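Heads up, the thing below is written out as structure tokens.
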Amino acid sequence: MGCGGSKHQGSMEHGGGGGGSGYNGKRPLENKVKFQPIKDKFQSLSEVQDALRTAGLESSNLIIGIDYTKSNTWNGKKTFGGKCLHDIQPGITNPYQEAIEIIGKTLSVFDDDNLLPTYGFGDSRTTDKSVFSFTTERPCFGFSEVLQKYNEITPLVSLSGPTSFAPIIRETINITAAAKAYHILVIIADGEVSVVNETIKAIEEASKYPISIICIGVGDGPWDTMEKFDDDLPERQFDNFQFVPFHSTMAKAENREVDFAVAALQEIPEQFQYIKQLGLL
């Protein structure tokens, strides 16, 4: 029930996150590029922007995934005063609200139409099998609506698990396959992935499509698995996963919005180059 509230989840729609990709376009290619992790190398937003222009990235589409697993209730001991990371109280911004706000300020320029498919996962109804949509008839329009829907839905959600990124990644594969366009999936999660093998398979499968995954880690961690997803998994066609520890990034930031954008977008230019090189677009 979020961090306390009704068990009723309103009109949230369930997506087909547990299924396959349903891709009808180009057949996924075999590995043409030897896998190597992409190094973080940019120091400023202007450097990232220059690299994006050089890579030829002119447009993209964002998809948002929100972690509603039960570990959110105890992973705020150090970073959120012991409260549940989804706790919604007047006058207090929880880590998910803060992350949504700063993602909206920094990454929304990379979305073509301001339509943002937004999904929750890991609650008592979807568990590790599927996802639910924040809206019923259309994607959220802009990050202001993402935040509005988050505030409405979260007190009604019953946190559960286990934690798997596979459903939200497979939902993104479905959307990307239908649109035949480059997508950036932004997952906001507390970091404790328990269904590791299925998540790894989904990340590897996503590397056959024009998809970049940015995972924003909120709460106390641990982040070992996220870092493995970022730099290991050599069966991928390219390094398609960037992990950003939200609290430590914000704590040392001189300019919170700029420094977050640099951290989140570090790998996008090179990922996009790999996507073109592999013929995924």
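In terms of the working numbering, the sequence shown is residues 400 to 680. We put the CB at the ideal spot given by N, CA and C, even for glycine. Computed from a prediction, not measured in an experiment: that's the story for all the values here.
By the Cβ-count criterion, Arg-537 is exposed, with fewer than 16 other Cβ atoms from all chains shown falling within 10 Å of its own Cβ. Unbroken alpha helix (DSSP H) runs of no fewer than 4 residues, entirely contained in the segment 515 to 581, are found at 541 to 552, 565 to 578, following chain order.
Sequence-distant partners of Leu-451 (beyond 5 residues in either direction) whose C-beta falls short of 7 Å from its own C-beta, in its chain, are Ile-667, Pro-668. Ser-458 counts as exposed, since fewer than 16 other C-beta atoms from the protein chains shown sit within 10 angstroms of its C-beta. Under DSSP, Leu-461 shares a beta bridge with Ile-583. By the C-beta density criterion, Glu-551 is exposed, having fewer than 16 other C-beta atoms within 10 angstroms.
Leu-461 and Arg-569 have their C-alpha atoms some 15 Å from each other. For Gly-480, there is no enclosing beta strand (DSSP E), since its DSSP letter is neither H nor E. Counting every other CB atom within 10 Å of its CB across the protein chains shown gives Asn-639 a total of 16 or more, marking it as buried.
Under the DSSP definition of a beta bridge, Asp-466 partners with Phe-520. The beta carbon of Thr-624 is closer than 6 Å to those of Val-592 in its chain, skipping five residues each way along the sequence. Leaving aside the five residues that flank Ile-615 on each side, the residues in its chain whose CB is nearer than 8 Å to its CB run, in chain order, Ala-498, Ile-502, Val-585, Ile-586, Ile-587, Ala-588, Val-643, Phe-645, Ala-663. Closest in alpha carbon position to Leu-546, among Ile-574, Glu-500, Gln-442, is Glu-500. Per DSSP, reduced to three states, the secondary structure at Val-643 is strand. DSSP, reduced to helix, strand and coil, places Gly-490 outside both helices and strands of the structure shown, so it counts as coil. In summary, Glu-656 is exposed, with fewer than 16 beta-carbon neighbours lying within 10 Å of its beta-carbon over all protein chains present. A direct Cα-to-Cα measurement between Glu-544 and Ser-563 gives close to 25 Å. Note: Ile-612 is bridge-paired with Leu-584, Phe-640 in the DSSP secondary-structure output. Between Leu-677 and Gln-636, the C-beta gap is smaller than 8 Å, which places the two residues in contact. One thing to note: Ala-565 has its Cβ within 8 Å of the Cβ of Lys-600. For Glu-591, there is no enclosing alpha helix (DSSP H), since its DSSP letter is neither H nor E.
Cβ contact annotation for Cys-539 (same chain, cutoff 7 Å, sequence separation greater than five): Leu-515, Thr-517, Phe-533, Val-545, Lys-548, in chain order. Distances from the alpha-carbon of Pro-494 to those of Thr-505, Lys-482, Lys-504 put Lys-482 closest.
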